[in-house]
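Peer 1: Quick one: the structure is below, questions incoming.
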Amino acid sequence: MSASPDYKEKIVDLFWFSGTGNAKRVSEWVSEVASQNGFEVIQQNLGSSERHIIPGIEPGSYIGFISPTHGFNYPPLMVKYIFRFPRNPGDCHVFLMNTRAGVMLNRWFLPGVSGIALLLAALVLWLKGYKIAGMRSIDLPSNWISLHPGLREKAILKIHHRCEKKTEDFAHKILKGKKVYRSLLDLPVDLILTPVALAYYFVGRFFIAKTFVATKSCDNCGLCHKNCPVNAIKLVNNRPFWTVKCESCMQCMNACPKRAIETAHGMVVGVITLTNTAVVTLLLGLLQRIGITLPGFITENGTIWFLVLSALYMAVIIFTHRVVHFLQRFKWFDIIIEYTSLTRLKLWNRYQPGKILRKNQF
Ligand SMILES: Cc1cc2nc3c(=O)[nH]c(=O)nc-3n(C[C@H](O)[C@H](O)[C@H](O)COP(=O)(O)O)c2cc1C
Ligand code: SF4
Ligand code: SF4
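Sequential numbering from 14 applies to the sequence shown in the numbering used here.
What follows is the structure, given as structure tokens:
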């Protein structure tokens, strides 16, 4: 084993962001290992106002970034923070961790996919003069319950147990001065996903932010807007309204005590159908009528046409989301929105690992 670097002060700075607690838990596990190894640990939650503060970095310290993966990248909040991070004051080592969508099928653990999450962050920090000591993905249970029901208690406990060991092992190695680049094994797949990661970052996430609705079960307790890490929820006519600032971290939807927050799948299908048929056809027909033909480089170039369609989708979903929010004051409309949402189904568990882990004293 190589010796721990002999720093005057042994400091570990952990910068974490977490929607539903996975990355927070990883930060706590790393913190425990660091304390056991005699390091002073400073943890900073970037899902609070702390992210607006540019930190002072001690030369020679270890710096860890820990965050969920969103759309094959770190979430925008984390990316922006890393871009604003100060240059290396001298001999600082960085390690990067991302929590991903781990799933259990029968007895098999299936990993998530990082895409450019760690690669982009490593590149930016390396250009700022940091030494990249390690990168590690941790496959904690998937929290993306707009796509699938939350995992069952048994699977959540098993996955957590497995990930705790992996995290501790990684932290021990890094803090002993070793280099761990385990995540680079996924490099080919991660690089192929770069265009998807960019499309999510610049377009997709705004679309997803506009799929949340609060139904009539909402008693206006205020918890969701109070706890949103980026203040993305406004109260409009006594009902939460999701703005494009939302990072889709899933905290509000998983934590709502009334289970009143749904992903409006019916509305999404409506918007996609409407845009593909009526809006595109009408728009092209209208342009033709007034004698404007779109130049070939727009309709024939796949990328440009994708951008044009994305802009249309965005406009339609932003408009529809506003209209839906307005019409939800009518009971019959509220019921349609609620009953065309898959997340409303009883089997569609919310992901609340905190509760489960406390109950099982994990
Ligand atoms: C909008 C969204 C996008 C996601 N994209 C990915 C992804 O690209 N790859 C992946 O492995 N997991 C993805 N996930 C799953 C989360 O990264 C994963 O569940 C993570 O552990 C959640 O951490 P947290 O509890 O700290 O928020 C996504 C989740 C959400 C809500
Ligand atoms: S947390 Fe749930 S019940 Fe409370 S205001 Fe938000 S949507 Fe309504
Ligand atoms: S609105 Fe909900 S999902 Fe969006 S960032 Fe805030 S807490 Fe997360």
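Beta carbons are placed, not taken as given, at the ideal position from N, Cα and C, and that holds for glycine.
Per the DSSP calculation, Pro154 is bridged to which residue(s)?
Peer 2: Sequence index remark: in the sequence shown, residue 154 carries index 141 (1-based). Beta-bridge pairing links Pro154 to Gly115.
Peer 1: Secondary structure at Tyr352, three-state DSSP: helix, strand or coil?
Peer 2: Numbered from 1 along the sequence shown, position 339 holds the residue referred to as residue 352. DSSP places Tyr352 in the helix class (H, G or I) of the three-state scheme.
Peer 1: Out of Leu133, Gly115, Ala135, which has the shortest C-alpha to C-alpha gap to Val126?
Peer 2: Here the question's residue 126 lines up with position 113 in the sequence shown. Residue Gly115 is the option with its Cα nearest to Val126.
Peer 1: Is Asn233 near ligand 2, with its Cβ less than 7 Å from a heavy atom?
Peer 2: Within the sequence shown, the letter at position 220 stands for residue 233. True, at least one ligand heavy atom lies under 7 Å from that Cβ.
Peer 1: Between which two residues does the alpha helix (DSSP H) harbouring Thr312 extend?
Peer 2: Counting from one through the sequence shown, the residue named residue 312 turns up at place 299. Counting along the chain, the alpha helix (DSSP H) containing Thr312 begins and ends at 309-312.
Peer 1: With DSSP as the reference, label Asp203 as helix, strand or coil.
Peer 2: Stepping through the sequence shown from its first residue, residue 203 is reached at position 190. Asp203: helix per DSSP, three-state reduction.
Peer 1: So within the stretch 184-233, which uninterrupted beta strand (DSSP E) runs reach at least 3 residues, ignoring any that extend past its ends?
Peer 2: 225-227
Peer 1: Return yes when the C-beta of Ile330 is under 7 Å from any heavy atom of ligand 3, and no when it is not.
Peer 2: The sequence position of residue 330 within the sequence shown is 317, counting from 1. Not so, every heavy atom of ligand 3 lies at least 7 Å from the Cβ.
Peer 1: Name, in chain order, the residues that DSSP records as bridge partners for Ser80.
Peer 2: Along the sequence shown, read from residue 1 onward, the residue named residue 80 stands at position 67. Note: Ser80 sits in a beta bridge opposite Asn111.
Peer 1: Can you grab the Cα-Cα spacing for the pair Arg120 / Ile169, in whole Å?
Peer 2: Walking along the sequence shown from the start, residue 120 turns up at place 107. Walking along the sequence shown from the start, residue 169 turns up at place 156. Cα to Cα, Arg120 sits roughly 13 Å from Ile169.
Peer 1: Between Asp232 and the rest of its own chain, which residues show a CB-CB distance below 7 Å, the 5 nearest in sequence each way excluded?
Peer 2: Walking along the sequence shown from the start, residue 232 turns up at place 219. The answer, listed in chain order, is Lys271.
Peer 1: Between Pro72 and Asp104, how many whole angstroms is the CB-CB distance? I'm expecting something under 8 Å.
Peer 2: Taking the sequence shown and counting its residues from 1, one reaches residue 72 at position 59. Taking the sequence shown and counting its residues from 1, one reaches residue 104 at position 91. Right, the Cβ-Cβ distance comes to about 6 Å (below 8 Å), so this counts as a contact.
Peer 1: Along the chain, where does the beta strand (DSSP E) containing Glu275 start, and where does it finish?
Peer 2: For the purposes of this step, residue 275 is taken as the residue at position 262 of the sequence shown. Element bounds for Glu275: 274-276.
Peer 1: Decide if Phe28 is buried, meaning its Cβ has at least 16 other Cβ atoms within 10 Å, or exposed.
Peer 2: Here residue 28 refers to the residue found at position 15 when the sequence shown is read from its first residue. Buried is the call here.
Peer 1: Looking at Ile66: is its Cβ nearer than 8 Å to the Cβ of Pro99?
Peer 2: Within the sequence shown, numbered from 1, the residue matching residue 66 stands at position 53. Within the sequence shown, numbered from 1, the residue matching residue 99 stands at position 86. Not in contact: Ile66 and Pro99 (Cβ atoms no closer than 8 Å).
Peer 1: Taking 7 Å as the cut-off, does the CB of Pro308 come closer than this to any heavy atom belonging to ligand 1?
Peer 2: As a position in the sequence shown, residue 308 is number 295, starting the count at 1. The answer is no for Pro308.
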